[in-house]
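Trainee: Heads up, the sequence shown is in numbering that gives the first Met the number 0, so the first residue is 0 and it goes up one at a time.
Glycine residues also receive a C-beta, built at the ideal position from the N, C-alpha and C atoms.
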Amino acid sequence: MIFTLSYTCTPREVKWLLKLSEITKIKEVQSFSENARSYLESIVSCFSKADALEVKKIDKVTNHDVNVVEYFLKQKCQSNAEIAEVLEFFHFACTSEDINNLAHALAVKEAFNSVIFSVMIELLNAICKLTKQNAHISMLSRTHGQPASPTTLGMEMANFAFRLSEVGKTFTEVQILGKCARAIGYYNAHKVAYPNIDWPTIVVEFVTSFGLGFNPYVTHIEPDDYIAKLFNVVVQSNNILTDFNRDIWSDISLGYFKKMIKAGEIGSSTMPHKVNPIDFENSEGNLCLANAILYALRSKLPISRMQRDLTNSTVLRNLGIGSGYSLLAYKSALQGIWKLQVNESRLNEDLDQVWEVLAEPLQTVMHRYNVPEAYEKLKDLTRGRVVSKERIQKFTNCLQLPEEAKSVLLNLTPQSYIREVEKLSKSIDDHVDLVNGFRLL
């Protein structure tokens with residue numbers, strides 16, 4: 000923790016001093032020579048474990064996690080004559096949150112843009128691949144746990160791919176913000192010290208130089224509404240993936256998927272025949288933990304008593320945990336997908352037992368040709384009965400329908416009642432957008 004904190008805060012302190020050196024109206028801090036600039040920048044680029052331990056040593060005295068970085072920098076720069084003359088301008092007109100909020104913002108932005116989104120996109124691509132590979136494979140759907148209209152295995156995957164893609168687009172609505180406005184959000188102290196400097200413009204330039212948006216209306220802290228907005232989207236993504244994990248788990252339990260067997264791997268300590276769906280179970284468990292933490296963060300962080308209390312600081316120390324559990328969940332789901340093998344014979348076996356699912360197209364055609372009491376007749380035919388192919392075809396032959404319509408129905412099977420679904424599954428790439436989503440501004 001001390002390494003992470005000191006490493007993320009140090010660049011902000013150094014860059015603020017460099018920014019002050021560029022303001023000609025601050026006569027006390029002259030523009031640094033190339034040598035001095037390189038020295039300051041090397042403190043950031045070469046920050047080591049030994050530096051972090053030195054910060055920790057100072058922290059035992061100061062007991063303040065940001066001021067300790069200021070003291071560390073002063074100590075580090077005493078050997079450079081040019082910088083030693085302006086040591087008191089480290090942390091000039093700053094409060095601890097002017098440093099911390101930028102460190103947190105950059106940590107969040109880098110974690111998602113550089114690490115988490117790449118895995119989310121890989122997961123989405125894997126689900127799209129499942130969609131296209133299995134677009135033609137008929138599958139019995141279930142509503143309320145009961146046999147319903149046939150679908151395709153690809154279509155079931157397509158639903159999740161589209162949902163994740165749509166949520167992915169909304170990440171671009173989250174702008175990561177920063178502030179640098181002293182104790183209660185204004186520039187009063189700045190103006191007292193240097194009344195002729197346009198401090199609001201200077202601060203905007205400083206904050207946006209990190210690639211962050213600028214929040215002009217803050218208290219002692221940046222209110223973290225953007226974090227709440229971001230975690231709302233992550234929670235929604237995680238809920239969709241939880242739904243996916245549970246459906247895949249159910250499909251495995253029904254035998255629709257087999258698991259690739261890894262040599263030497265044990266599925267159960269007492270039942271040698273088992274290969275458990277542990278990857279999807281691990282993913283679901285980690286998503287549960289992730290969302291519990293993300294819910295807490297998104298609810299707590301935007302709330303602070305008056306200009307500031309310390310509860311947000313305590314909570315922010317857990318900023319990476321919810322995202323970390325999410326990342327573990329995404330990787331587990333990916334690993335599980337790679338092990339899946341479709342058991343097409345088992346899918347067909349289930350469909351062969353449920354000819355009653357053709358009651359839907361039968362009823363629809365009967366309505367088209369104005370056959371009276373279509374629903375009631377099919378209810379009598381199917382409800383609470385074992386419905387065979389012969390029973391369905393006998394019923395169809397007795398209907399007063401045009402021969403062409405009757406022929407279509409007689410040739411229909413639970414496996415073939417998927418033509419439009421198959422087309423929709425195959426066109427998933429037309430509906431999943433990976434270009435305009437999954438990034439933070």
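(1) Less than 7 Å between C-beta atoms, sequence neighbours within five positions excluded: which residues of the same chain meet that for residue 381?
(2) Does any heavy atom of the ligand HEM sit closer than 7 Å to the C-beta of residue 312?
(3) Taking DSSP as the reference, what is the three-state secondary structure of residue 111?
(4) Please determine, among 85, 80, 54, the residue with the shortest C-alpha to C-alpha distance to residue 70.
(5) In the DSSP assignment, what are the bridge partners of residue 145?
(6) Which ranges does the alpha helix (DSSP H) cover as unbroken runs of at least 4 residues, wholly within the region 333-415, from first to last along the chain?
(7) Pick out the complete alpha helix (DSSP H) segments inside the region 238-322, 4 residues or longer, and give them in chain order.
(8) Sorted by chain position, which residues of the same chain lie with C-beta nearer than 6 Å to residue 386's C-beta, five sequence neighbours on each side aside?
(9) For the alpha helix (DSSP H) containing residue 83, name the first residue and the last one.
(10) Could you check where the alpha helix (DSSP H) with residue 38 kicks off and where it finishes?
(11) According to DSSP, simplified to helix, strand and coil, what is residue 151?
(12) Just mark residue 337 as buried or exposed, buried being the case when its beta carbon has 16 or more other beta carbons within 10 Å.
(13) Tell me the DSSP secondary structure of residue 177 in three-state form.
(14) Could you check what DSSP says for residue 230 in three-state terms: helix, strand or coil?
(15) Per DSSP, residue 212 forms a beta bridge with which residues?
(16) Is residue 30 helix, strand or coil when you go by DSSP?
(17) Could you check which residue in 119, 408, 384 has the C-alpha nearest to that of residue 395?
(18) Nearest by alpha-carbon distance to residue 306: which of 398, 232, 216 is it?
(19) Could you give the first and the last residue of the continuous alpha helix (DSSP H) run that contains residue 70?
(20) Tell me which residues share the same chain as residue 73 and place their Cβ nearer than 7 Å to its Cβ, disregarding the 5 neighbours each side in the sequence.
Mentor: Let me spell this out:
(1) Counting from one through the sequence shown, the residue named residue 381 turns up at place 382. Around residue 381: 355, 358.
(2) In the structure on display, the ligand HEM does not appear, and there are no ligands present to speak of.
(3) Here the question's residue 111 lines up with position 112 in the sequence shown. Here residue 111 sits in helix by DSSP.
(4) Stepping through the sequence shown from its first residue, residue 70 is reached at position 71. Among 85, 80, 54, the Cα nearest to that of residue 70 is on 54.
(5) The residue you call residue 145 lines up with position 146 of the sequence shown. Answer is 142, bridged to residue 145.
(6) With a minimum length of 4 residues, the continuous alpha helix (DSSP H) runs that stay inside the region 333-415 are 343-351, 358-367, 373-381, 388-396, 402-409.
(7) Qualifying alpha helix (DSSP H) stretches, in chain order: 277-299, 310-315.
(8) Looking up residue 386 in the sequence shown gives position 387. Residues of the same chain with a CB within less than 6 Å of the CB of residue 386, apart from the 5 flanking positions on each side, are 354, 355 in chain order.
(9) Within the sequence shown, the letter at position 84 stands for residue 83. First-last of the alpha helix (DSSP H) with residue 83: 80-83.
(10) The sequence position of residue 38 within the sequence shown is 39, counting from 1. Unbroken alpha helix (DSSP H) run through residue 38: 33-44.
(11) Taking the sequence shown and counting its residues from 1, one reaches residue 151 at position 152. It is a strand residue.
(12) Locating residue 337 in the sequence shown gives position 338, where the first residue counts as 1. Exposed.
(13) To locate residue 177, count along the sequence shown from 1; it is residue 178. Three-state result, residue 177: strand.
(14) Locating residue 230 in the sequence shown gives position 231, where the first residue counts as 1. Note: residue 230 maps to helix in three-state DSSP.
(15) Residue numbering aside, residue 212 sits at position 213 when the sequence shown is read from its first letter. Paired residue(s): 176.
(16) Position 31 of the sequence shown, counted from the start, is the residue given in the question as residue 30. The answer is coil: DSSP assigns residue 30 none of H, G, I, E or B.
(17) Translated into positions along the sequence shown, residue 395 becomes position 396. In terms of CA proximity to residue 395, 408 leads the group 119, 408, 384.
(18) Along the sequence shown, one-based indexing puts residue 306 at 307. Selected option, being the one with the closest Cα: 216.
(19) Your numbering for residue 70 matches position 71 in the sequence shown. It spans 66-76 - the alpha helix (DSSP H) in which residue 70 sits, taken as one unbroken run.
(20) Walking along the sequence shown from the start, residue 73 turns up at place 74. Within the same chain, residue 73 has close Cβ partners 86, 89.
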